[in-house]
Each structure stands twice: as structure tokens, then as C-alpha cells.
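Just so it is clear: in the sequence shown, position 313 is 330 by my numbering, and no numbers are missing. Even glycine gets a Cβ: it sits at the ideal position worked out from N, Cα and C. Predicted model, so just to flag it, every value in this text is computed and none were measured. The structure appears below as C-alpha cells.
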Amino acid sequence: MPEKTFFTLIRHAHVYAPEDLGVTDFLIAGEKIAAMGSGVEAPKGAACRTVDLAGARVLPGFIDSHVHMIGGGGEGGPHTRTPELLLSKVTVCGVTTLAGLLGTDGVTRHVESLLAKARALETEGLSTYIYTGAYQLPDTPTITGSVRKDIVVIDKCIGAGEIAMSDHRSGQPSVQDYRYIAAQARVGGMISGKAGLINMHMGNGADGLKVLFAITESGEIPKTQFLPTHMNRKRSLFEEGFAWAKAGGYIDITSGINPEDPGSQGAVKPATAVREALEAGVPLERITMSSDGNGSMPVFDAAGNPIGVGVGDEKTMFTEFRDMVEKEKLPIEQAIQVLTANVAKAMQIYPEKGTVGAGRDADFIVITEDFLLQHVWARGQQMVADGKPIVFGTFEPKE
Numbered sequence: 018m019p020e021k022t023f024f025t026l027i028r029h030a031h032v033y034a035p036e037d038l039g040v041t042d043f044l045i046a047g048e049k050i051a052a053m054g055s056g057v058e059a060p061k062g063a064a065c066r067t068v069d070l071a072g073a074r075v076l077p078g079f080i081d082s083h084v085h086m087i088g089g090g091g092e093g094g095p096h097t098r099t100p101e102l103l104l105s106k107v108t109v110c111g112v113t114t115l116a117g118l119l120g121t122d123g124v125t126r127h128v129e130s131l132l133a134k135a136r137a138l139e140t141e142g143l144s145t146y147i148y149t150g151a152y153q154l155p156d157t158p159t160i161t162g163s164v165r166k167d168i169v170v171i172d173k174c175i176g177a178g179e180i181a182m183s184d185h186r187s188g189q190p191s192v193q194d195y196r197y198i199a200a201q202a203r204v205g206g207m208i209s210g211k212a213g214l215i216n217m218h219m220g221n222g223a224d225g226l227k228v229l230f231a232i233t234e235s236g237e238i239p240k241t242q243f244l245p246t247h248m249n250r251k252r253s254l255f256e257e258g259f260a261w262a263k264a265g266g267y268i269d270i271t272s273g274i275n276p277e278d279p280g281s282q283g284a285v286k287p288a289t290a291v292r293e294a295l296e297a298g299v300p301l302e303r304i305t306m307s308s309d310g311n312g313s314m315p316v317f318d319a320a321g322n323p324i325g326v327g328v329g330d331e332k333t334m335f336t337e338f339r340d341m342v343e344k345e346k347l348p349i350e351q352a353i354q355v356l357t358a359n360v361a362k363a364m365q366i367y368p369e370k371g372t373v374g375a376g377r378d379a380d381f382i383v384i385t386e387d388f389l390l391q392h393v394w395a396r397g398q399q400m401v402a403d404g405k406p407i408v409f410g411t412f413e414p415k416e
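Here's what the structure looks like:
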């Protein structure tokens, strides 16, 4: 592990911020990028580590807006609950910022535990946020008894989620139930200066986005209050999202949903989904991608019975980023925006997050010409070197 210094000077980095800035130098001071430009130097007499990247590509660290930090699942019984997240399993994926949530199980998993895990991961080096709530409405779990109050008084809470819609695992709430929680999140966000975002789990139900359109048709609650996710889980839902995004909303593509996986037949490959959305006229800034990392990936039979389960992996984010560029032929600056700046704007943590530049948080990744993840910095600390983790969580086995 490199010696830790307050100053680190990065030389000859080809920076995509996400816009292409060409080859430049930048100085890290603590957790921030203090200065950027040719010939930048550390203060005279200060101890400084120098890293020469020899023209390697530097990109903003990925922001994963949908992670089951304390595990997810449980649809097939207690033995199908997925385990808690480990620090190095995040960093080796290029993820430096993540937002945790609950899913199907809002009974044996608790928002209080999620908050504690988020604090632990932040102590270990990442930047973390949480959503309050779980799939079910109207009695979604909270810490204070109120979605609005959770957002206002809990520093890490930026919204509510993962709230289920068009899914047999939801609480089958009314349109008014959805409208009420959206209003609670919106006002909570306004009072606290946060996003007040609703992370909306979209299922396979026939209603699709129908209720979201109904909630927002009056214009009182803006479409940007919602982040409907898993939009690539089936073709009809994905294409319904075009109209939603063109009307001002976000569509979130799940990198962990792939048509080649069991239970995901009929899904749209994530990298392909981004290209197709752009070709359909969806504005680039309205497309985001998250992993559903560490959540369960259940397989159901025709009657809705669980017959198998897998675990979501954040590594799919880097895989789909690479495929956006190499297979779908998108420019790097467009592909990386979907995983960084767009997500930061939806979560209202931009420009501190989601971009590389002076005054911004020192969260960035370094990739090779052949798209291998080489190094990762989070909050100014190098977490991954030569593709291997060098910082580990408190209870992780050290490699």
C-alpha cells in the first residue's frame, strides 16, 4: 500500500471529466482535487506523492444509486437473504459513491441497520447515502416514523426507496398512496436541501409506468422526483420509458439485468439499452445506470413461485460501460456520463460528485487503453492499484 500523504500529484493523465480534457496534471489535497492544469505542483516543502499515469485515461468514479448494502432478497425464505457488502467488492468495480436501500424485505431488515452500514462504509473510505423505506406501501419502514422527517433529520437520507410498482411483491397500494409518499419525499427534500428522490422499483406488471404518469400529470410533482429503475427488464417497459424521459423524467438502466441470465429473458442488454434510448431521441442527461448490487436476482416460475436466486454484482457497471464504448460505439464521454454526472445530478450531489476537476471530490478511476480497470481513488485515497484492492474493510480478509 502506498504511503499516505496529504498531497498526491497526478501527472500526465488523459482526463474525461466526463468531457475530454486531454492530457493534464492535477493535485490532490486531502479528499479534494486542489488544482488542475499543466505544470501543477505541490506547495513548496510539503511531502507529496507523485504518480505518473503516462497518458492513461482518468474518469470520474462510478456513482451507484441502487445498492443493497446490508443485503437483499429473502423471497425464497431466510436462506435466500444475501450477505452484507464488503468494501473491496465495491472499489474493484470502480464505484466510489453509492446509495443504499432496502428491497422486498422491510421486516427483518431495517433502515436503522442500513444507516449504520452506510456510516461504516464511509468510515472505510467511500461516500455513502441511503433511502428510507422498502418495497411496501403505505406502511413503508422508516426511522423516525415519517419519510419526510427521515429525509430532513438524517444526514445521509436523500429520499425513499426502493418502492415497488407494477410488481407482485409490492403492497398493491393505490395511486393516492404513491402520490402521498412522493409529496412527503419532495417536501422533505426541499426543507433539507436534498433531492427527495423516490427510487422506484419497476416490476414486470402490465401497468408499467401508468401510475407514474398519473401521479405527475398535474405538474405538481415533477418527473425528476422519481428514479424508475430496472427499466431494461423487458422490452415494453423499456420503450414506455422513452416517453417518460422525453417528458423530463429519468430512466435508470440496471447493469445487472442481462437477457443471457436466468429469469431475465426478454430483457434489454444494458449497454444496448443506452444506445437504443439515444437513437429513440431520449436526451443523454435523462439516462442513468445502477447495479442493483448485492441484491438478490430471483427467478420465478409462471405462477410467481421462486425457483432460483443469484446475487447482483457491481462489476456489471464496468462491463456495461466498456460495452457501451466497444460494442455500441458510444463516445467515452457519453458512456461515462450515464454512470457519473447524470447520476450525481439526479441525486443532487453534483458537481462535488460525478466530475473530475479543481474543487471537486477526488473520486476517480484509471483505465488502460484496452479497458481494464487499473487504479481507483476515493476521497483522495488510493483504494485499488493494478486492478487489486489495497484498502480493505474492517472485517475483510486481507489479500
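#1: Mapping DSSP to helix, strand and coil, what is Y197?
#2: DSSP on Q189, reduced to helix/strand/coil?
#3: Please classify G205 as buried or exposed, where buried requires at least 16 neighbouring CB atoms within 10 angstroms.
#4: Report the start-end ranges of each beta strand (DSSP E) in the stretch 358-392 that is 3 residues or longer and not cut off at the edges.
#5: Since Y33 sits in a beta bridge, which residues does DSSP pair it with?
#6: What does DSSP give as the partner residue(s) for G178 in the beta ladder?
#7: Determine whether the Cβ of E237 lies closer than 8 Å to any Cβ atom of chain B.
#8: Between the stretch 21-30 and the stretch 40-55, do three or more beta carbon pairs fall short of 8 Å?
#9: Could you give the uninterrupted runs of the beta strand (DSSP E) lying entirely in the stretch 207-292, keeping only those of 3 residues or more?
#10: When the distance is taken between beta carbons, is L132 closer than 8 Å to I160?
#11: With 16 as the cutoff for other CB atoms within 10 Å, does L102 come out buried or exposed?
#12: With 16 as the cutoff for other CB atoms within 10 Å, does T67 come out buried or exposed?
#13: Classify V192 as buried or exposed, calling it buried when 16 or more other Cβ atoms lie within 10 Å of its own Cβ.
#14: Three or more beta-carbon pairs under 8 Å between the stretch 239-249 and the stretch 387-400, yes or no?
#15: Candidates T149, L115, L38 and Q354: which alpha carbon is nearest A137's?
#16: Please determine if the stretch 275-283 and the stretch 70-79 are in contact, where contact requires at least 3 C-beta pairs separated by less than 8 Å.
#17: Measuring alpha carbon to alpha carbon, tell me which residue in Y146, T385 and I407 is nearest G213.
#18: Please say whether A352 and M341 have beta carbons closer to each other than 8 Å?
Result, derived from the coordinates:
#1: Taking the sequence shown and counting its residues from 1, the one referred to as residue 197 is at position 180. The three-state secondary structure of Y197, taken from DSSP, is helix.
#2: On the sequence shown, residue 189 is found 172 positions in, with the first residue counted as 1. If DSSP states are grouped into helix, strand and coil, Q189 belongs with coil.
#3: As a working mapping, residue 205 is identified with position 188 in the sequence shown. The residue is buried, with at least 16 neighbouring Cβ atoms inside 10 Å.
#4: Qualifying beta strand (DSSP E) stretches, in chain order: 381-384.
#5: Within the sequence shown, numbered from 1, the residue matching residue 33 stands at position 16. Bridge partners of Y33: D37.
#6: Within the sequence shown, the letter at position 161 stands for residue 178. Residue pairing for G178: DSSP places it in a beta bridge opposite N216.
#7: Looking for chain B here will not work: only one protein chain is present.
#8: Touching, yes.
#9: If you keep only unbroken beta strand (DSSP E) runs of at least 3 residues inside the stretch 207-292, you get 214-219, 243-246 and 268-271.
#10: Walking along the sequence shown from the start, residue 160 turns up at place 143. Walking along the sequence shown from the start, residue 132 turns up at place 115. Yes, they are a contact pair.
#11: As a working mapping, residue 102 is identified with position 85 in the sequence shown. It counts as buried.
#12: Here residue 67 corresponds to residue number 50 of the sequence shown, with the count starting at 1. Burial state of T67 is exposed, judged by a 10 Å Cβ sphere holding fewer than 16 other Cβ atoms.
#13: Residue numbering aside, residue 192 sits at position 175 when the sequence shown is read from its first letter. Residue environment: V192 is assigned as exposed (fewer than 16 neighbouring CB atoms within 10 Å of its CB, all protein chains considered).
#14: At 8 Å Cβ cutoff, the stretches do not touch.
#15: Residue 137 sits at position 120 when you count from the first residue of the sequence shown. Shortest Cα-Cα distance from A137 to any of T149, L115, L38 and Q354 involves L115.
#16: Here the stretch 275-283 does not lie against the stretch 70-79, with fewer than 3 beta-carbon pairs under 8 Å apart.
#17: The residue given as residue 213 occupies position 196 in the sequence shown. The shortest C-alpha to C-alpha distance from G213 to any of Y146, T385 and I407 is the one to Y146.
#18: Within the sequence shown, the letter at position 324 stands for residue 341. Within the sequence shown, the letter at position 335 stands for residue 352. Yes; because the gap between Cβ atoms is below 8 Å, this pair is in contact.
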